[in-house]
Amino acid sequence: MAEVLVRDNRTMTTAGAQAESPEALKLLEPSISDFVTLMKPRVMTLVILTAVAGMLVAPGAIHPVIGLIAIIAISAGAGASGALNMWYDADIDQNMARTAARPIPRGRVTPDESLQFGGVLAVISVMTLGVLVNWVAGALLALTIFYYLFIYTMWLKRLTPQNIVIGGAAGAFPPMIGWAAVTGSVSLESILLFLIIFMWTPPHFWALALLRSRDYERVGVPMLPVVAGPAETRKQILLYSIALVPLAILPAFIGLGGVTYGVASVVLGAIFLWFAVDVWRITEGREADKACKRLFWFSILYLYALFAILVIEGAMNRLLA
Amino acid sequence: MNDMSNTISGTDAAVAAAEKKRRRLRSIAIALGLGFLVIMFYAATIVHLGGSVANRSI
Numbered sequence: 038m039a040e041v042l043v044r045d046n047r048t049m050t051t052a053g054a055q056a057e058s059p060e061a062l063k064l065l066e067p068s069i070s071d072f073v074t075l076m077k078p079r080v081m082t083l084v085i086l087t088a089v090a091g092m093l094v095a096p097g098a099i100h101p102v103i104g105l106i107a108i109i110a111i112s113a114g115a116g117a118s119g120a121l122n123m124w125y126d127a128d129i130d131q132n133m134a135r136t137a138a139r140p141i142p143r144g145r146v147t148p149d150e151s152l153q154f155g156g157v158l159a160v161i162s163v164m165t166l167g168v169l170v171n172w173v174a175g176a177l178l179a180l181t182i183f184y185y186l187f188i189y190t191m192w193l194k195r196l197t198p199q200n201i202v203i204g205g206a207a208g209a210f211p212p213m214i215g216w217a218a219v220t221g222s223v224s225l226e227s228i229l230l231f232l233i234i235f236m237w238t239p240p241h242f243w244a245l246a247l248l249r250s251r252d253y254e255r256v257g258v259p260m261l262p263v264v265a266g267p268a269e270t271r272k273q274i275l276l277y278s279i280a281l282v283p284l285a286i287l288p289a290f291i292g293l294g295g296v297t298y299g300v301a302s303v304v305l306g307a308i309f310l311w312f313a314v315d316v317w318r319i320t321e322g323r324e325a326d327k328a329c330k331r332l333f334w335f336s337i338l339y340l341y342a343l344f345a346i347l348v349i350e351g352a353m354n355r356l357l358a
Numbered sequence: 170m171n172d173m174s175n176t177i178s179g180t181d182a183a184v185a186a187a188e189k190k191r192r193r194l195r196s197i198a199i200a201l202g203l204g205f206l207v208i209m210f211y212a213a214t215i216v217h218l219g220g221s222v223a224n225r226s227i
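Which chain is which? The protein sequence lines are A and B, in order.
The number in this note's numbering is simply the position in the first sequence, starting from 1, with 37 added.
The number in this note's numbering is simply the position in the second sequence, starting from 1, with 169 added.
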């Protein structure tokens, strides 16, 4: 259905271009940047950072070349998930302000091209990680792609307001994959890194959803603000933030993070909680929107900072060992 | 009528050229991707085999 709608859209656009001028066709030619956009590069940077953190804090050694290959494969897997997500969601993407400029709604890449690109990239990334690194990491990457495409995108996203809670697991797997690339196993420590991202996802996305609830309502995606209302969403944001902050401090106590991580996780966690309380407390007018925006942007900084510190500390430990 | 068919054939040619360019770009991208994969597998094989690969009795 999604494909038909967008195919029609693309056909219409192409027909329009034909009627106007052959030069207009040039506007529809895909470029490399369109395929880069399909891979959701901003999400990819977070995937790379968290996967590298998982690799560097894991016990044991990995050859730098194999480590680099693992990072490339994990990034490609994340990119594949993005392309497959854009293929399936093309029908709603064209009706939402945040996503209307994506390559498929703009007619620069066809849904078929996105599906083929994502599918091939998914298979190659999993095979590469499995064959060249290890099959535990490869299986986890396959699970991540499967989870993101089938569980989140195809099933939960349009079905339940808990979509990003359960679906958020897909974004939380990369540090576990990084860890598995080094150790060949899954352990409690890597599950803790998974849980940090898992608990971070709801407050992050719901802060954005509060601002874009009309968009989601229009396209029929049952985000929490649409289904349960803003008040319930604000309460849930606060609850998940309260659960997240202590979890994010834990790595400092079990040896995954050092002193810097410990201090940063406490200070940044306190600010996160403060902003979450603001979102819960301020419910009307511009100030309410500002509070949501502040929490949304800070949540990105929060996760980047914590995992960047893990990367730096992990790298220092390995260099000094 | 004649003008109209000229316009249509001109547009068809433009579509064909655009399609050809699209296919060419795709071929180049696939070639580069495969080349990169080959290099990656070669490098990983060397790393897995290790430096003592040549130390074997004949």
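Glycine included, every Cβ here is placed at the ideal spot set by N, Cα and C.
Every value quoted in this text rests on a predicted model; they were computed, and no experiment measured them.
Legend entry - Closest by C-alpha distance to I233 of chain A, when choosing among A:A285, A:N354, A:G104: A:A285
Legend entry - Stretch pair the segment 337-346 of chain A + the segment 227-241 of chain A: three plus CB contacts closer than 8 Å: yes
Inset, instruction - Let me know the secondary structure DSSP gives V89 of chain A once reduced to three states. - result: helix
Inset, instruction - Compare the C-beta of L206 of chain B with all C-beta atoms of chain A and state if any pair is closer than 8 Å. - result: yes
Legend entry - Local Cβ density within 10 Å of T87 of chain A, reported as buried at 16 or more and exposed below that: buried
Legend entry - Identity of the residue in A:W311, A:L166, A:R249 nearest V219 of chain A by Cα: A:L166
Inset, instruction - May I have the straight-line CA-CA distance separating L75 of chain A from W172 of chain A, to the nearest angstrom? - result: 27 Å
Legend entry - DSSP three-state assignment for E226 of chain A, whether helix, strand or coil: helix
Inset, instruction - Check whether the segment 326-340 of chain A touches the segment 195-202 of chain B, counting contact only when three or more Cβ pairs, one atom from each stretch, lie closer than 8 Å. - result: no
Inset, instruction - Let me know the secondary structure DSSP gives A134 of chain A once reduced to three states. - result: coil
Inset, instruction - Tell whether a beta-carbon distance below 8 Å holds between L169 of chain A and F210 of chain B. - result: yes
Inset, instruction - Counting only runs of 4+ residues fully inside the segment 184-236 of chain A, write out the alpha helix (DSSP H) ranges in chain order. - result: 200-204, 206-209, 211-220
Inset, instruction - Check K77 of chain A in the structure and name its three-state DSSP category. - result: coil
Legend entry - With 16 other Cβ atoms within 10 Å as the buried cut-off, status of V146 of chain A: buried
Inset, instruction - Taking only the alpha-carbon atoms, compute the straight-line gap between V223 of chain A and A328 of chain A and give it to the nearest angstrom. - result: 38 Å
Legend entry - For N171 of chain A, three-class secondary structure by DSSP: coil
Legend entry - Distance between T297 of chain A and S250 of chain A (C-alpha atoms, nearest Å): 38 Å
Inset, instruction - Determine, using beta carbons only, whether G155 of chain A and L121 of chain A come nearer to each other than 8 Å. - result: yes
Inset, instruction - Step through the CB atoms of chain A and report whether any lies within less than 8 Å of the CB of R193 of chain B. - result: no
Legend entry - Contact with chain A by K189 of chain B, beta-carbon distance below 8 Å: no
Inset, instruction - Please decide whether I85 of chain A counts as near chain B, where near means a Cβ-Cβ distance under 8 Å. - result: no
Inset, instruction - Check whether the Cβ of V173 of chain A lies closer than 8 Å to any Cβ atom in chain B. - result: no
Inset, instruction - Answer with yes or no whether the minimum CB distance from L121 of chain A to chain B is below 8 Å. - result: no
Inset, instruction - Please state if the CB of I141 of chain A and the CB of M123 of chain A are separated by a distance shorter than 8 Å. - result: yes
Inset, instruction - Pull up the CB-CB distance for V80 of chain A and A115 of chain A, whole angstroms please, since I reckon it's below 8 Å. - result: 7 Å
Inset, instruction - With a cut-off of 8 Å on the beta carbons, I'd call A352 of chain A and L93 of chain A a contact; round off their distance for me. - result: 6 Å
Inset, instruction - Please say whether K190 of chain B and E66 of chain A have beta carbons closer to each other than 8 Å? - result: yes
Inset, instruction - Establish whether the CB of A213 of chain B and some CB of chain A are separated by less than 8 Å. - result: yes
Legend entry - Residues, ordered as in the chain, of the segment 97-117 of chain A that lie near chain B by beta-carbon distance below 8 Å: H100, V102, I103, I106, I109
Legend entry - Residues near M191 of chain A in its chain [Cβ-Cβ closer than 8 Å; skip 5 each side]: Y125
Inset, instruction - Could you tell me the distance, in whole angstroms, from the CA atom of L245 of chain A to the CA atom of S70 of chain A? - result: 26 Å
Legend entry - Buried versus exposed call for T214 of chain B [16 or more other C-beta atoms within 10 Å across all chains shown]: exposed
Legend entry - Cβ neighbour criterion (16 or more within 10 Å) applied to L362 of chain A: A query on residue 362 of chain A cannot be resolved here, the shown segment of chain A reaching from 38 to 358 and no further.
Inset, instruction - Measure from the C-beta of M209 of chain B to each C-beta in chain A and report whether the shortest distance is under 8 Å. - result: yes
Inset, instruction - List the whole-angstrom C-beta distance separating A159 of chain A from A117 of chain A, where the pair is believed to meet the contact cut-off of C-beta under 8 Å. - result: 4 Å
Legend entry - Closest residue to I103 of chain A among A:V282, A:A174, A:P211 (Cα-Cα distance): A:A174
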